[in-house]
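Visitor:
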Amino acid sequence: MRLPLALTLTLASTAAVTTAAAQPPAARGDETSGGEVDGGEVDGGEEDGGEEDGGEEDGGEEDGGERTEGDERTEGEGTDEAPREPEVRPPAIEHLPPVDLPEGVTPENLTARVRIDPDGTGTLLETDAPGAARAALAAALAEARFRPATIDGTPVAATVRVAFDVAAAPADAPDGGGPDATPTDRSAPDDETAADDTTADDTTADDTTAGETTADETAADDDPAPEPVFGATASVQRARATARELELEEMRDLPGALGDPFRVLDSLPGVVAPFSGFPYVYVRGAPPAGTVYYYDGIQVPGLFHLVLGPAVIHPAMVGDIAFHPSVAPARFGRHTGGVFAGQGVDSARAFEGIGGELELRLIDVQGYVRTPVGDDGGSFAFAARYGWPGAVVSLVSQDLRLTYWDYQTRLDLPLGGGDRFQATVFGSFDRATQGPNEDDQATLQFHRAELRYLRERADFDYGVALQLGWEESQFGDVVQIVAARVGPRVWASVRPRSDLSLRVGGEAFAVRGRFSNDPFPEATDDDEPPPDDPPDDPPDDDDDDGDPFDQFVDPLRTGARARSLGGAFAELSWRPGAWTVDAGARLDVWLTGGEAEVAGEPRLAVAWQPSEALSLHAAVGMGHQPATLPTPAPGTADLSLDAGLQRAYNAELGAALELEGIARVEATTFYGRYQDIIPVNLFFECDEDDEEDSPGPGICPDQGLPRADADALGLELFVKRSVQERVSGWISYTLAKAWARSRAGTRYTPQFDVRHVFNLVAQYRFAKPEGLEIGGRLLYRAGFVAYATTLQGLELVPYEQRLPGFFRADIRISYAWQKDWGRLRLALEWFNLTAAREPFGLDCETNDLGLVTETPCDVSYGPRIFFPNLGLRATF
225 MRLPLALTLT
235 LASTAAVTTA
245 AAQPPAARGD
255 ETSGGEVDGG
265 EVDGGEEDGG
275 EEDGGEEDGG
285 EEDGGERTEG
295 DERTEGEGTD
305 EAPREPEVRP
315 PAIEHLPPVD
325 LPEGVTPENL
335 TARVRIDPDG
345 TGTLLETDAP
355 GAARAALAAA
365 LAEARFRPAT
375 IDGTPVAATV
385 RVAFDVAAAP
395 ADAPDGGGPD
405 ATPTDRSAPD
415 DETAADDTTA
425 DDTTADDTTA
435 GETTADETAA
445 DDDPAPEPVF
455 GATASVQRAR
465 ATARELELEE
475 MRDLPGALGD
485 PFRVLDSLPG
495 VVAPFSGFPY
505 VYVRGAPPAG
515 TVYYYDGIQV
525 PGLFHLVLGP
535 AVIHPAMVGD
545 IAFHPSVAPA
555 RFGRHTGGVF
565 AGQGVDSARA
575 FEGIGGELEL
585 RLIDVQGYVR
595 TPVGDDGGSF
605 AFAARYGWPG
615 AVVSLVSQDL
625 RLTYWDYQTR
635 LDLPLGGGDR
645 FQATVFGSFD
655 RATQGPNEDD
665 QATLQFHRAE
675 LRYLRERADF
685 DYGVALQLGW
695 EESQFGDVVQ
705 IVAARVGPRV
715 WASVRPRSDL
725 SLRVGGEAFA
735 VRGRFSNDPF
745 PEATDDDEPP
755 PDDPPDDPPD
765 DDDDDGDPFD
775 QFVDPLRTGA
785 RARSLGGAFA
795 ELSWRPGAWT
805 VDAGARLDVW
815 LTGGEAEVAG
825 EPRLAVAWQP
835 SEALSLHAAV
845 GMGHQPATLP
855 TPAPGTADLS
865 LDAGLQRAYN
875 AELGAALELE
885 GIARVEATTF
895 YGRYQDIIPV
905 NLFFECDEDD
915 EEDSPGPGIC
925 PDQGLPRADA
935 DALGLELFVK
945 RSVQERVSGW
955 ISYTLAKAWA
965 RSRAGTRYTP
975 QFDVRHVFNL
985 VAQYRFAKPE
995 GLEIGGRLLY
1005 RAGFVAYATT
1015 LQGLELVPYE
1025 QRLPGFFRAD
1035 IRISYAWQKD
1045 WGRLRLALEW
1055 FNLTAAREPF
1065 GLDCETNDLG
1075 LVTETPCDVS
1085 YGPRIFFPNL
1095 GLRATF
């Protein structure tokens, strides 16, 4: 269960609790039971790339200094420089009734994972006990009372793993009394009952102290057993300093996000969306395709549906999200920009019967259902969405027709002894048609599936997975890309000490596909024959409709059917006192036909917490990516259009200050050096036959991909107030500058040189009526640079002009109320309340050659993209 955000802000860390207990009173019946509590956690940690419950957890997040009850010191203290760790108090048992085992059920031991809520109630999440014993454990926990875990005196939810050792009752104690019922101290947890890897919890209970709990006496009336004594240890786990994390609640209800938690991305510092509704962003200057997206540890080919469509993953299928703007953990490879990783839905959630969600909106309908599987804590979840945004899109364009759908399913099955099996399958489809001509349409679709086997222990875990995928992108009769992939992933982590962890892993994928930029290819042995009835007017070779692929594709590369890629990584995390050091290294290989490209990437992040409220960090790293399309689309991530990798060198330096009860303030400076990148605007504007919109000679090559080297420098500010407060939200501001040089040596201003980006997100929860909320978002984005070509003397030179800035306001009003069967929520949202138009390009006076004759040019604006969205959500 997630730690309330207010606590996350107060601690600037993740808190984890590990508890070890003596044996509780004997069970009634023919068996007696003793037990221990292990692996307790207060879950509030960083996303680890989506590999929740057995995926690749963040090696930089292992637990550090230990604390024992009654001891106010933590490991690393004792000097004036060491900060005081928050006081973390683990949960404890106040009343645990005996477990009534059914007659004839004699398991050797019982283990269970239990969630202890802030009110002291316990809920059985999963157990390896058989059905009858599981029911007995659940009944006992329903009557149990616990002292909840606390952080600085505030109760929080925690998850613990309890092990009950079952022994035969003595002959003279049929009710479970006698000497065997006396608790005995046990100092270390059993490996088979270790905390699950979701917590990255590596502490043990070697140092236990007397707790403050009591338990019922269950010995014979004439010989009562002594009161059991419980002990505990606790530790604080720090989040990775280079990542930003947000909770599902605040992300999904973000004004302007249309109920989609992934839409929070373009409101974060360092992120620039060039136009409203475009399904891609620049992150600290990196090309849009340089930023990668993950769900449940699986890379997603395209995160958003077209235009203003939602993300391709249903919000109820998503856990918390981590955003790494530049220097990400080494497990994330093959990218030059940021990493946006969504965790799968928490496998530890208690699924008490079938539940789900149904939502009807003006643009689509979506549903989600989940159900427990078996008696051992397994779960199955499925979600689907179908969109018909035609009525809303008609406000923007009468000729544009859109259709989209997506689906996700996730199966999680405990196998006993800390082993699990997981299966995740998801897919998406988009089709956009412009005008009556069906050839003027774009079709995007992909499907991903992964099967995983996970083994989790107290000080190590590992996983193996097999991933399959199929994807396609088709843009009218211009280009079609089809790709299929299959390959394994493996990872393992070991925690030899409480302040040290090591994680290694790798993956290898075989990719086979087809790239075609000819609508009527000649038939070959490997290709399908051309259509029997070609159109009356076949394409004219001399006619150029601005297809950039004609001059950019390399037949030797795009014609290669077989492609392979693989990577290996290692991550080392060390936490000496107030310091945290995360070091990583990665090696990637791309095979295209008979050509190979290899890249090595070191990464390092260092954080220091000199005081309880202040933390500082620095990070450096590298990234590589093949020369693929600059905008993300299914099938293009592994498509190398040209030899030579795109490279990124990133560095950042930042500080965070916790203003307790007020907000968290972050300031980060960054620098990015990008080499041989493929800028988006140059890829689509470098048309040798259209000088009017072309950046001009010296920037656009005569043949081949338009490559450039670019630098981006900036300052980010982020002020965030907890979603638990009545007034919540955040302010983000980015001040940046970028410059670039083409391969020919011409200096120019890149399109992502947007000097100022400001976001204000605010939400207010009314006390009365309860359930009423209102929120708003203000966005200001300075203008980017547009290009043309002009004549200076007898020489053609590029002309640059900066466009005006853009301001947008969004608003959302919602009301939620409880019903006997669940909860209803009605929301009205208005995207672009001011109906502002975005500057789109230049409208210049030109001569017959398309050369600019008068400056400055007029500014052309795009359509007014605005619409209301009304939605009704039912949760049951």
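Numbering (the numbering used here) for the sequence shown: 225 to 1100. Positions of the beta carbon are idealized from the N, C-alpha and C atoms, including for glycine. Model, not experiment: these values are computed from the prediction.
1. Can you tell me the Cα-Cα spacing of Q870 and P525, whole angstroms?
2. Between A936 and Q899, is the Cβ-Cβ spacing less than 9 Å?
3. How big is the Cα-Cα spacing for G284 and E909?
4. Which residue wins for smallest C-alpha separation from W694, given the options Q590, F733 and R719?
5. Looking only at DSSP bridge pairs, what is Q658 linked to?
6. Any idea if E696 is buried or exposed, counting beta-carbon neighbours within 10 angstroms, 16 or more meaning buried?
7. Cα separation between T442 and V323?
8. Quick one: residues in its chain with C-beta nearer than 6 Å to the C-beta of G635, no 5 flanking neighbours on either side, listed in chain order?
9. Ignore the nearest five residues each way along the sequence and tell me which others in Q698's own chain have a CB closer than 6 Å to its CB.
10. Unbroken beta strand (DSSP E) runs of length 3 or more, entirely within the stretch 784 to 818: which are they?
11. Excluding the 5 residues preceding and the 5 following T855 in the sequence, name in chain order all residues of the same chain whose CB lies nearer than 7 Å to its CB.
12. Is the beta carbon of L863 sitting closer than 9 Å to the one on I902?
13. In the DSSP assignment, the alpha helix (DSSP H) including L906 goes from what residue to what residue?
14. Please report the straight-line C-alpha distance between D490 and P1087, rounded to a whole angstrom.
15. State the Cα-Cα distance for the pair E997 and G346, rounded to the nearest angstrom.
16. Where does F990 land, buried or exposed, given buried means 16+ other C-beta within 10 angstroms?
17. Alpha carbon to alpha carbon, what distance is there between E680 and V718?
18. Once you ignore the five residues that flank R1032 on each side, which residues in its own chain have a CB closer than 6 Å to its CB?
19. Helix, strand or coil for V488 per DSSP?
20. Applying the criterion that 16 or more other CB atoms from any shown protein chain within 10 Å of the CB defines a buried residue, is N1071 buried or exposed?
21. Can T852 be considered in contact with the ligand ZN, in the sense that its beta carbon sits closer than 8 Å to one or more heavy atoms?
22. If R736 and A673 are in contact, beta carbons under 8 Å, what's the gap, nearest whole angstrom?
23. First and last residue of the beta strand (DSSP E) that includes T374?
24. Which same chain residues end up closer than 7 Å to G1046 when comparing Cβ atoms and leaving out the 5 residues on each side of it in sequence?
25. By a C-beta neighbour count over all protein chains shown, 10 Å radius and 16 as the cutoff for buried, is K944 buried or exposed?
26. Rounded to whole angstroms, what is the Cα-Cα separation between Q1025 and F650?
27. For a test of the three-state rule: what should DSSP assign to P763, helix, strand or coil?
28. Compare the C-alpha of R585 against each of A366, V563, R888 and G611 and name the closest.
29. Can you tell me where the beta strand (DSSP E) with G509 in it begins and where it stops?
30. Tell me which same chain residues have a C-beta within less than 6 Å of the C-beta of L1096, skipping the five on either side of it?
31. Pull up the distance between the alpha-carbon of A412 and that of A682, whole angstroms please.
32. Can you have a look at D1082 and say buried or exposed, based on whether 16 or more other CB atoms are within 10 angstroms of its CB?
33. Is Y182 near G561, with beta carbons less than 9 Å apart?
34. Count the other CB atoms within 10 Å of the CB of H529; is the residue buried (16 or more) or exposed (fewer)?
35. Per the DSSP calculation, E882 is bridged to which residue(s)?
36. Enumerated in chain order, which unbroken segments of the beta strand (DSSP E) with a length of 3 residues or greater are wholly contained in the stretch 1010 to 1053?
Guide: The answer reads as follows:
1. On the sequence shown, position 646 is the one that residue 870 refers to. On the sequence shown, position 301 is the one that residue 525 refers to. The alpha-carbon atoms of Q870 and P525 are separated by roughly 18 Å.
2. The residue you call residue 936 lines up with position 712 of the sequence shown. The residue you call residue 899 lines up with position 675 of the sequence shown. Not in contact: A936 and Q899 (Cβ atoms no closer than 9 Å).
3. Residue 284 sits at position 60 when you count from the first residue of the sequence shown. Residue 909 sits at position 685 when you count from the first residue of the sequence shown. In this prediction, G284 scores a pLDDT of 40, lower than 50, which makes its location untrustworthy; no coordinate-derived value is stated.
4. Position 470 of the sequence shown, counted from the first residue, corresponds to residue 694. Checked all of Q590, F733 and R719; the closest Cα to W694 is F733.
5. In the sequence shown, the residue the question calls residue 658 occupies position 434. Answer is L624.
6. Taking the sequence shown and counting its residues from 1, one reaches residue 696 at position 472. Flag for E696 reads buried.
7. What you label residue 442 is simply residue 218 of the sequence shown in a count that begins at 1. What you label residue 323 is simply residue 99 of the sequence shown in a count that begins at 1. Confidence is the limiting factor: at T442 the pLDDT is only 41, short of 50, which leaves the residue's position unreliable, though a coordinate-based value still follows. C-alpha separation (whole angstroms): 11 Å.
8. Along the sequence shown, one-based indexing puts residue 635 at 411. Reading off the sequence shown, one finds Leu at residue 635, where the question assumed Gly. Cβ within range, chain order: F604 and A647.
9. Residue mapping note: residue 698 aligns to position 474 of the sequence shown, counting from 1. Within the same chain, Q698 has close Cβ partners T667 and Q704.
10. 786 to 798 and 803 to 816
11. By one-based count along the sequence shown, residue 855 stands at place 631. Contacts found: Y504, P512, A513 and V904.
12. Along the sequence shown, read from residue 1 onward, the residue named residue 863 stands at position 639. Along the sequence shown, read from residue 1 onward, the residue named residue 902 stands at position 678. Taking 9 Å as the Cβ cut-off, L863 and I902 do not qualify as a contacting pair.
13. As a first step, residue 906 is located in the sequence shown; it is residue number 682 there, counting from the start. Residues V904 to E909.
14. As a working mapping, residue 490 is identified with position 266 in the sequence shown. As a working mapping, residue 1087 is identified with position 863 in the sequence shown. Rounded to whole angstroms, D490 to P1087 spans 20 Å at the Cα level.
15. In the sequence shown, the residue the question calls residue 997 occupies position 773. In the sequence shown, the residue the question calls residue 346 occupies position 122. Looking at the two C-alpha atoms, the distance is approximately 31 Å.
16. Here residue 990 is taken as the residue at index 766 of the sequence shown, counted from 1. Classification of F990: exposed, given that the 10 Å Cβ count is below 16.
17. Locating residue 718 in the sequence shown gives position 494, counting from the first residue. Locating residue 680 in the sequence shown gives position 456, counting from the first residue. Answer to the nearest angstrom: the Cα atoms are 11 Å apart.
18. Taking the sequence shown and counting its residues from 1, one reaches residue 1032 at position 808. These residues qualify, in order along the chain: L1003, N1056 and A1060.
19. The residue given as residue 488 occupies position 264 in the sequence shown. In this structure, V488 counts as helix in the three-state DSSP scheme.
20. On the sequence shown, residue 1071 is found 847 positions in, with the first residue counted as 1. Under this definition N1071 is an exposed residue.
21. In the structure on display, the ligand ZN does not appear, and there are no ligands present to speak of.
22. As a position in the sequence shown, residue 736 is number 512, starting the count at 1. As a position in the sequence shown, residue 673 is number 449, starting the count at 1. Not really, about 17 Å apart at Cβ, beyond 8 Å.
23. Numbered from 1 along the sequence shown, position 150 holds the residue referred to as residue 374. Where T374 is concerned, the enclosing beta strand (DSSP E) stretches over A373 to I375.
24. Translated into the one-based positions of the sequence shown, residue 1046 becomes position 822. Only A1098, T1099 and F1100 meet the Cβ criterion.
25. Residue 944 sits at position 720 when you count from the first residue of the sequence shown. By the neighbour-count rule (16 or more Cβ atoms within 10 Å), K944 is buried.
26. As a working note, residue 1025 is residue 801 in the sequence shown. As a working note, residue 650 is residue 426 in the sequence shown. Going from the Cα of Q1025 to the Cα of F650 covers about 43 Å.
27. Position 539 of the sequence shown holds residue 763. Low confidence applies to P763: its pLDDT is 45, below 50, so where it sits in the model is not reliable enough to give any reading.
28. Position 361 of the sequence shown, counted from the first residue, corresponds to residue 585. Nearest option by C-alpha distance: G611.
29. Translated into positions along the sequence shown, residue 509 becomes position 285. That residue, G509, is in no beta strand (DSSP E); it is neither H nor E in DSSP.
30. Your numbering for residue 1096 matches position 872 in the sequence shown. Here the set comprises L584 and L1050.
31. Residue 412 sits at position 188 when you count from the first residue of the sequence shown. Residue 682 sits at position 458 when you count from the first residue of the sequence shown. With a pLDDT of 36 at A412, under the threshold of 50, the modelled position of this residue cannot be trusted; read the value that follows with caution. So the two alpha carbons sit approximately 10 Å from each other.
32. By one-based count along the sequence shown, residue 1082 stands at place 858. Result: exposed.
33. A question about residue 182 goes unanswered here, because the residues of the chain that appear run from 225 up to 1100.
34. Residue numbering aside, residue 529 sits at position 305 when the sequence shown is read from its first letter. It is buried - the Cβ of H529 has at least 16 other Cβ atoms within 10 Å.
35. Your numbering for residue 882 matches position 658 in the sequence shown. Its beta-bridge partners are R888.
36. 1019 to 1026 and 1030 to 1042
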